[in-house]
Every structure is written in C-alpha cells, then in structure tokens.
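Colleague:
Residue numbers (the working numbering): 315 to 763.
(1) Could you pull the DSSP bridge partners for residue 688 from this structure?
(2) So which of 689, 548, 380 and 367 has the shortest CA-CA distance to residue 348?
(3) Could you tell me which of 744, 529 and 390 sits nearest to residue 564, measuring between CA atoms?
(4) Which same chain residues, not among the five before or five after residue 687, have their C-beta less than 6 Å away from its C-beta?
(5) Does the stretch 663-681 come within contact of the stretch 530-548, defined as at least 3 CB pairs closer than 8 Å?
(6) Would residue 559 be called buried (16 or more neighbouring beta carbons within 10 Å of its own) or exposed?
(7) Who are the Cβ neighbours of residue 703 in its own chain at under 8 Å, not counting the five residues just before and after it?
(8) Check whether chain C comes within 9 Å of residue 749, counting only Cβ atoms and requiring the distance to be less than that.
(9) Of the choices 691, 395, 408 and 435, whose alpha-carbon is the least far from that of residue 562?
(10) DSSP three-state call for residue 606: helix, strand or coil?
(11) Is the separation between the beta-carbon of residue 367 and that of residue 425 shorter than 9 Å?
(12) Given that a residue counts as buried once 16 or more other Cβ atoms are within 10 Å of its Cβ, and exposed if not, what is residue 428?
(13) Going along the chain, which unbroken runs of the beta strand (DSSP E) with 3 or more residues stay wholly within the stretch 413-451?
(14) When we look at the beta-carbon of residue 505 and count the other beta-carbons within 10 Å, is it buried (16 or more) or exposed?
(15) Would you say the stretch 592-606 touches the stretch 386-394, given that touching needs at least three Cβ pairs under 8 Å?
(16) Could you please give me the residues that DSSP links to residue 746 through a beta bridge?
(17) Please list, in chain order, all residues of the same chain as residue 357 whose beta carbon is under 7 Å from its beta carbon, the five residues on each side excluded.
(18) Between the C-alpha atoms of residue 544 and residue 689, what's the straight-line distance to the nearest angstrom?
(19) The alpha helix (DSSP H) spanning residue 404 covers which residue range?
(20) For the stretch 631-700, list the alpha helix (DSSP H) runs that are entirely contained and at least 4 residues long, ordered along the chain.
(21) Rounding to the nearest angstrom, what Cα-Cα distance links residue 638 and residue 621 in this structure?
(22) Three-state secondary structure (DSSP) at residue 397?
(23) Which residue or residues does DSSP assign as beta-bridge partners of residue 596?
(24) Between the Cα of residue 724 and those of 695, 628 and 414, spot the shortest distance and give me the residue it belongs to.
(25) Over the uninterrupted alpha helix (DSSP H) stretch that includes residue 388, give me the two end residues.
(26) By how many angstroms is the C-alpha of residue 573 removed from the C-alpha of residue 699?
(27) Hey, could you find the ends of the alpha helix (DSSP H) residue 715 is sitting in?
(28) Going by alpha carbons, who is nearest to residue 661 out of 614, 527 and 608?
(29) In the DSSP output, what is residue 565 paired with across the bridge?
(30) Quick check on residue 557: buried or exposed, where buried means 16 or more other Cβ atoms within 10 Å of its Cβ?
(31) Give the secondary structure of residue 371 by DSSP, where H, G and I count as helix, E and B as strand, and everything else as coil.
(32) Quick check on residue 497: buried or exposed, where buried means 16 or more other Cβ atoms within 10 Å of its Cβ?
(33) How would you label residue 747, buried or exposed, when you count the other beta carbons within 10 angstroms and need 16 or more for buried?
(34) Going along the chain, which residues of its own chain have a beta-carbon closer than 7 Å to the beta-carbon of residue 406, five neighbours each way excluded?
(35) Rounding to the nearest angstrom, what Cα-Cα distance links residue 646 and residue 634 in this structure?
(36) Assuming residue 408 contacts residue 571 (C-beta within less than 8 Å), just tell me the rounded distance between them.
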C-alpha cells in the first residue's frame with residue numbers, strides 16, 4: 315500500500331472515530347446543513363453573545379496546517395483524561411471545519427436556527443413576531459418598549475471581550491446574580507393570559523391534538539457540528555421520526571469560539587420557541603423532547619440538569635415573550651453522550667476560555683461543573699441513554715456513572731448497551747426502541763389517546 319493510500323485510509327478512520335466531520339469545501343462555495351432552505355431563526359433581531367466582532371482576532375489558529383492534518387491532530391488530543399495544551403488544535407479545527415468552508419461566520423454574528431420536519435409535512439408559517447419586554451423588577455412591561463428595540467449601549471455592553479479569560483463567557487458572579495430558582499417561576503413572567511397562548515389555541519381548545527416533537531442536537535465536541543454539510547445526527551434522525559408520526563426539529567447551535575453558556579442558551583431558546591409557536595408547528599407544547607448525540611448529548615444532559623429553569627441571559631439583553639415561556643421538556647435521549655469531560659479534558663477548550671482551562675485549579679472546577687453525575691438534577695425528566703461498548707472516543711464509564719446517579723435519585727431512566735458498536739453509530743441501531751420508549755413516556759400527558 316502506498317504512503318498516500320495509507321494516509322487516506324488513516325484519515326477515513328479518524329473521520330469515522332470523531333463522528334462524521336463536516337465536508338471541507340472552498341469558502342466561495344459554502345454548503346449548509348441538509349434542508350437549510352427551510353431553516354427558521356430562533357432568536358429575534360438581537361442574539362445574546364453576538365457582537366459582530368472578528369472571531370479570528372481571538373482564536374489561536376495554525377495557518378500553516380490543512381484540514382486533513384488538523385483532523386488527525388484533533389482526534390488525538392480530544393481523547394483522554396490527561397491534560398493537553400489543545401487551544402490551538404481546537405481553534406484550528408473550528409476554523410478549517412466550520413469557518414473556512416462557510417458553515418459559520420468569521421464574525422460573532424451567527425444566528426442559531428431550527429430546521430423543521432413537521433409530522434404532517436405542513437408548510438410552516440409563524441403567526442406573529444414576539445414582542446420585546448422591558449423588565450422592571452419582577453414585572454414585564456410589554457408596552458414600554460417597542461418591538462425588538464435595544465439601545466446601542468446595551469448592545470455594546472453585551473459584546474464579547476477579546477480577553478481570553480472573559481471571551482464569550484459569563485463569570486461566576488454574573489451567573490449567580492442571573493440565576494432564577496425553579497420555584498421562582500413568576501420572575502420576569504408574562505401575565506396569565508399571555509402565557510396561556512402556549513397551551514390554548516385561538517379558538518380556546520387545548521392544544522392536545524398536536525404531535526409529539528423532538529429537538530435533535532448533533533455532536534462535534536463543541537468544535538464543529540456533524541450536521542454541517544451532512545444529514546448525519548440531523549436529517550437522518552428527523553426522517554426516521556417522521557415515519558412514526560413524530561415531528562422533528564434539527565437545532566443548529568453556536569459552538570467554538572462561542573463559549574459557555576451560549577450553546578445551552580440556544581437549546582433553551584429552541585425549546586421556548588417551539589412552545590411559543592406550538593400551534594403553528596402542529597405540535598403539543600407539553601410533548602417536546604430533546605435528543606442529543608455525542609457532544610449534543612452533553613448539551614442535552616447539561617441543559618436538563620443545570621440550565622433548565624435558570625436565567626443565564628446577559629443582564630443587558632432585553633427579553634421578549636419567548637424568553638418568558640417555560641423551558642421544560644417531556645423527555646431526554648442521550649445517544650453515545652459525553653456525560654463528563656474528565657475522559658475528554660481537551661473539550662474544555664471548546665467550551666470555556668483557554669486561560670481558565672490552562673489554570674489547574676480552575677480546570678478542576680470546570681471538570682466538576684461539567685460532570686453530570688455529580689450535578690444530577692433531573693429526576694423529573696424521563697431519560698433514555700444509548701451507548702456502544704467499543705466506543706473509542708467517549709469512555710462509557712462516564713455514561714454508567716450518570717445512569718447510576720440518575721437511578722439513585724429515583725429518576726425514570728433506561729439505558730441500552732450496544733455490543734461492539736463504536737462512537738457515532740447510525741440511528742437505525744436505536745430508533746425503533748427509542749420511539750417505542752418515547753410514546754410510552756408522552757402517553758400520560760392530557761389529550762393523548
């Protein structure tokens with residue numbers, strides 16, 4: 315076998331292991347996710363975390379490498395429980411896999427979106443735009459602020475700092491100030507009549523006739539997204555769910571160099587968006603579930619355990635009606651998930667500032683923060699976990715620890731071990747069992763027949 319053939323074979327193995335990396339194409343021929351033409355933005359005019367500033371100015375990119383070589387390097391540093399200095403590898407992988415091909419912008423102006431796959435194949439037309447709210451104390455005054463109006467000062471204060479420590483992150487003090495306990499639901503909420511729009515149709519009948527819905531979250535180690543230029547961990551799952559009469563929505567969330575909490579805020583917004591427009595999509599707002607693969611499984615798991623019910627939006631961001639809708643979900647599926655970063659420590663560079671990851675004490679704090687078993691807080695959410703015994707990318711010991719923590723907390727959780735399967739196995743290995751489980755879990759909601 316020639317050196318070239320050996321290198322090509324090795325690269326193909328790396329691509330399979332990492333989980334269907336995006337197709338790298340010329341920047342003047344940008345490709346998008348499957349069915350991108352149907353996408354619907356989930357945020358309003360202003361997106362928290364977007365500043366319009368250059369991403370490249372705060373990324374550590376190796377300009378002397380190429381896509382194939384950086385993919386090989388990435389596959390080595392992303393695996394393992396030993397700390398590696400991986401900032402440049404992670405940033406370079408993001409650049410060559412996401413930014414250079416045109417899947418994401420060179421600036422902090424990406425707009426997260428959903429690609430809808432309604433079970434009834436309807437053409438989706440959203441009925442109205444949400445009104446922006448001005449929050450004073452605990453009250454939401456809809457009339458005092460014009461729709462989507464945000465002052466220039468507020469926008470500038472919401473900018474992402476170039477300093478590596480604070481870039482695209484929320485400090486622990488800000489997080490604690492912005493937290494809203496799950497019992498304090500009334501804070502920043504709309505009036506009873508406004509909230510009822512999410513459960514009552516225009517003619518006053520309960521929205522119980524809509525289909526169940528699943529938000530699909532692709533993986534990519536928060537460095538890229540497997541759905542870009544592909545239908546993997548996205549359209550393939552959506553079409554399979556449609557065949558069972560289940561609506562599906564593929565989420566394109568923000569990833570590196572965006573950092574915590576922005577990917578999770580995008581999922582939170584997606585849940586609220588679907589609840590707000592449930593009638594337009596033909597879905598039941600109380601039967602919205604989430605399904606995440608690999609890092610998408612981490613995003614889903616972190617959301618239900620640490621983000622759900624919390625307010626991590628920047629203080630300067632003016633909320634709209636959608637931000638005040640419940641972010642609860644009916645169930646969660648974690649497919650070959652990353653439930654802890656302790657077996658993939660380098661992934662921290664894709665979700666947090668490099669200076670924090672490089673600091674040993676802070677790194678340990680982040681590892682504890684991102685360990686879902688240690689922070690289990692979702693006993694009220696039915697969950698299903700599916701993983702392969704031959705996974706070379708994600709150590710399934712972390713998955714077993716999570717399942718054990720869930721059972722100890724009295725959670726309704728099922729786990730499926732697929733013998734001999736590696737990371738990133740196709741959905742036909744689990745979709746039948748998942749759908750059977752899902753229908754059992756959502757059946758108990760009012761209106762299900």
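Think of the CB as a built atom: it goes at the ideal place given N, C-alpha and C, for glycine as much as any other residue.
Modeller: Taking the structure as given:
(1) Its beta-bridge partners do not exist; DSSP assigns none.
(2) 548
(3) 529
(4) 715, 716 and 719
(5) yes
(6) exposed
(7) 710, 731, 732, 733, 734 and 735
(8) Reference to chain C is not applicable here, since this structure consists of a single protein chain.
(9) 435
(10) strand
(11) no
(12) buried
(13) 427-431 and 448-450
(14) Since pLDDT at residue 505 reaches only 35, below the 50 mark, its modelled position is unreliable, and no value is offered.
(15) no
(16) Answer is none; residue 746 lacks a bridge partner.
(17) 425, 426 and 583
(18) 33 Å
(19) 401-408
(20) 662-665, 668-672 and 674-683
(21) 15 Å
(22) coil
(23) DSSP lists no partner for residue 596.
(24) 695
(25) 381-391
(26) 26 Å
(27) 710-722
(28) 608
(29) 428 and 531
(30) exposed
(31) helix
(32) Note on residue 497: pLDDT 36, under 50, position unreliable in the model; no value is reported.
(33) exposed
(34) 375, 376, 379 and 384
(35) 26 Å
(36) 7 Å
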